[in-house]
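Below: one structure, written as structure tokens.
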Amino acid sequence: MDRAQIDAKIRELIEPFNKKEVAITEETTFAGDLEFDSLTVMDFVAAIEDEFDIIISMNQQAEIENYGQLVDAVEKMVTT
Amino acid sequence: MSEGISQPDQPVEREGDGQDLFSKFDPLIQQRHDLLSAGLTDPFSLVMEKVLSPTRAICNGRDTILLGTYNYMGMTFDPDVIEAGKDALDNFGSGTTGSRVLNGTYQGHKECEDALREFYGMDHAMVFSTGYQANLGIISTIAGKGDYVVLDIDSHASIYDGCAMGNAEIVPFKHNDIEAMEKRLKRIPEGAGKLVVLEGVYSMLGDVAPLAEMVRIAKSHGAMVLVDEAHSMGFIGENGRGVCEAAGIMDQCDFIIGTFSKSVGTVGGFCVSNHPKFEIMRLVCRPYVFTASLPPSVVATAATSIRKLMHGGNKRAHLWENSKRLHGGLKDLGFKLGTEEPQSAIVAVIMPDLEQGAAMWEALLHEGLYVNLARPPATPANMTLLRCSLCAEHSEEEVGTILGMFERAGKAVGII
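Chains D and L, in that order, are what the protein sequence lines are. Letter by letter, the first sequence follows residues 1 to 80 of the numbering used here. Letter by letter, the second sequence follows residues 81 to 496 of the numbering used here.
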């Protein structure tokens, strides 16, 4: 699975959580732009984990602020 | 190391106050100011001027029924408990002056740990200065870098703080969701150390965890299990050992954490375990080593109370009656509750929002009833709760009086 495919899948997964229908770019931030609270983060992360069969710990989440960083992190986990 | 973590965090841009480190609290300060300027009593500044019994105190000059303490088994005024504390004060003085590993271990600490071992039927017991420190110490010491801690998202702050201090990978799962927990356990890399942290009773909604199934799954994935039984000790289980006992999985739990500040009726925390190497914790657990030990009077009251709790069957039965009656009565009045059925001594009444919750809290106080106003971030899903904690010493009549108070206050505020 390449980055473009991962990106497309995550865009699909983020849709139900993107209540304000913010246009998603690489720079879109989860806390600032999307206004995700901790429960939304947990549900969204669980959806990604289930889709890619990976684990994203809270420690890793702390390093991921924007959408592009998330796609990069998932790509790294899926390909290693 | 990735580039991301080799760089220091960038400064946060602050408005107005420049480099004032307090500016991050401005939204909270504003919210609090807005609430109080509406003329409400500050729920977090209530002072009990005189405590009359486990269930009554003088608050703001008024005789008030206490329905917001954690004194589930009513031990704070038990004559034997008080006497033990007085004796210890007379014979051992008022304080220990130091840490358990240097100059702070007294006979009373040993006796208290003996009482805990006997109460739980476990090989080892370690007393901490608070329950917060017990979680902080045990979790941070056993789960370090490279280990994984899988925990319920609604876990207490002391559990999260213990995780943060230990540097393990932290993996939360949806509250009480067995499947979500199992999925995460399955994905942990082979060979990594695993700790599953659960609570018997969750303090905000008063709901009980499905421990039998969760612990079975955790063990089948090779994880160690820690259960915080702070809100169930003394009350739940045939001998008051908590939800683990009621679920029949005491022997599957590696660590049980608890507190003296709830059913035991004093202050302090503890961990009990059957792990053969457990005693080494006394030398490696920083929140145990680097803090002052509990004073002799406190451990004496705790030991006496714990020994009496073992034989508290009648009190447990009465407390269950209280819990069922209050839960059923509030439900009949039309309040929305945290659990469908009564599951513990905590009955959480869900408020529509913080403003109405604060107004209801104030109306109840005017009626002569003290409950806890719980709000985010302590509560799950941004809820505002009026949290009621019953006591085995509440009489049947008092529970009836409490229901009348809720009915009048609820109608006055327009919630029912």
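Heads up, the beta-carbon is just placed ideally off N, CA and C, and yes, glycines get one too.
Contact with chain D by residue i, beta-carbon distance below 8 Å
i, result
"Lys263/L", "yes"
"Lys254/L", "yes"
"Val347/L", "no"
"Ile360/L", "no"
"Val493/L", "no"
"Ala260/L", "yes"
"Arg387/L", "no"
"Glu83/L", "Here the model assigns Glu83/L a pLDDT of 49, short of 50, so the residue's position is not dependable and the matter cannot be decided."
"Ala438/L", "no"
"Ala461/L", "yes"
"Arg267/L", "yes"
Spatial distance of residue i from residue j (CA atoms)
i, j, result
"Pro456/L", "Asp170/L", "44 Å"
"Ala237/L", "Asp308/L", "12 Å"
"Phe44/D", "Asp50/D", "10 Å"
"Ser469/L", "Gln213/L", "23 Å"
"Ile316/L", "Pro107/L", "40 Å"
"Ser82/L", "Lys76/D", "Here Ser82/L scores only 48 on pLDDT, less than 50, and its place in the model is too uncertain to base an answer on."
"Gln110/L", "Gly119/L", "15 Å"
"Met206/L", "Gly448/L", "40 Å"
"Asn18/D", "Glu279/L", "32 Å"
"Pro269/L", "Met58/D", "16 Å"
"Arg396/L", "Ala62/D", "44 Å"
"Gly32/D", "Lys190/L", "52 Å"
"Asp72/D", "Pro88/L", "20 Å"
"Asp143/L", "Phe370/L", "41 Å"
"Leu410/L", "Thr185/L", "47 Å"
"Ser403/L", "Glu193/L", "30 Å"
Residue burial classification, residue i (beta-carbon count within 10 angstroms, cutoff 16)
i, result
"Lys225/L", "exposed"
"Pro252/L", "buried"
"Ser174/L", "exposed"
"Ile482/L", "buried"
"Glu325/L", "buried"
"Ser133/L", "exposed"
"Pro159/L", "exposed"
"Val364/L", "exposed"
"Val323/L", "buried"
"Ile6/D", "buried"
"Val276/L", "buried"
"Asp48/L", "With chain L covering only 81 through 496, there is no way to say anything about residue 48/L."
"Asn183/L", "exposed"
Within-8 Å CB hit, residue i to chain L
i, result
"Phe70/D", "Going by the sequence as given, residue 70/D is Leu instead of Phe. By this cut-off, Leu70/D is not an interface position."
"Asn59/D", "yes"
"Ala31/D", "no"
"Leu39/D", "yes"
"Ala46/D", "yes"
"Met42/D", "yes"
"Ile55/D", "yes"
"Asp2/D", "no"
"Asp7/D", "no"
Cβ distance (whole Å) where residue i is taken to contact residue j below 8 Å
i, j, result
"Phe208/L", "Gly348/L", "7 Å"
"Ile48/D", "Leu13/D", "6 Å"
"Asn247/L", "Asp232/L", "Going by Cβ atoms, the distance from Asn247/L to Asp232/L rounds to 20 Å, so no, they are not a contact pair."
"Gly345/L", "Val161/L", "7 Å"
"Ser283/L", "Ile426/L", "7 Å"
"Leu285/L", "Thr419/L", "6 Å"
"Thr176/L", "Ser373/L", "5 Å"
Boundaries (first-last residue) of the beta strand (DSSP E) holding residue i
i, result
"Ile336/L", "335 to 339"
"Met1/D", "Unbroken run through Met1/D: none, as it is neither H nor E."
"Ser133/L", "128 to 133"
"Phe253/L", "249 to 253"
"Glu279/L", "274 to 279"
"Asp160/L", "That residue, Asp160/L, is in no beta strand (DSSP E); its alpha helix (DSSP H) goes 159 to 172."
"Thr464/L", "464 to 469"
"Thr156/L", "Here Thr156/L belongs to no beta strand (DSSP E), and DSSP marks it neither H nor E."
"Met58/D", "Met58/D -> not in any beta strand (DSSP E); alpha helix (DSSP H) instead, spanning 58 to 63."
Residue i - containing alpha helix (DSSP H), residue span
i, result
"Met440/L", "434 to 447"
"Gly68/D", "67 to 79"
"Lys266/L", "258 to 267"
"Val295/L", "291 to 300"
"Asn183/L", "That residue, Asn183/L, is in no alpha helix (DSSP H); it is neither H nor E in DSSP."
"Lys395/L", "393 to 413"
"Gly484/L", "476 to 493"
"Pro376/L", "376 to 389"
"Arg366/L", "366 to 369"
"Gly242/L", "237 to 246"
"His113/L", "106 to 117"
"Ala47/D", "38 to 52"
"Thr221/L", "211 to 222"
* Contact set between the stretch 234 to 253 of chain L and chain A, restricted to residues whose Cβ is under 7 Å from the partner -> The chain labelled as chain A is not found among the protein chains of the depicted structure, namely D and L.
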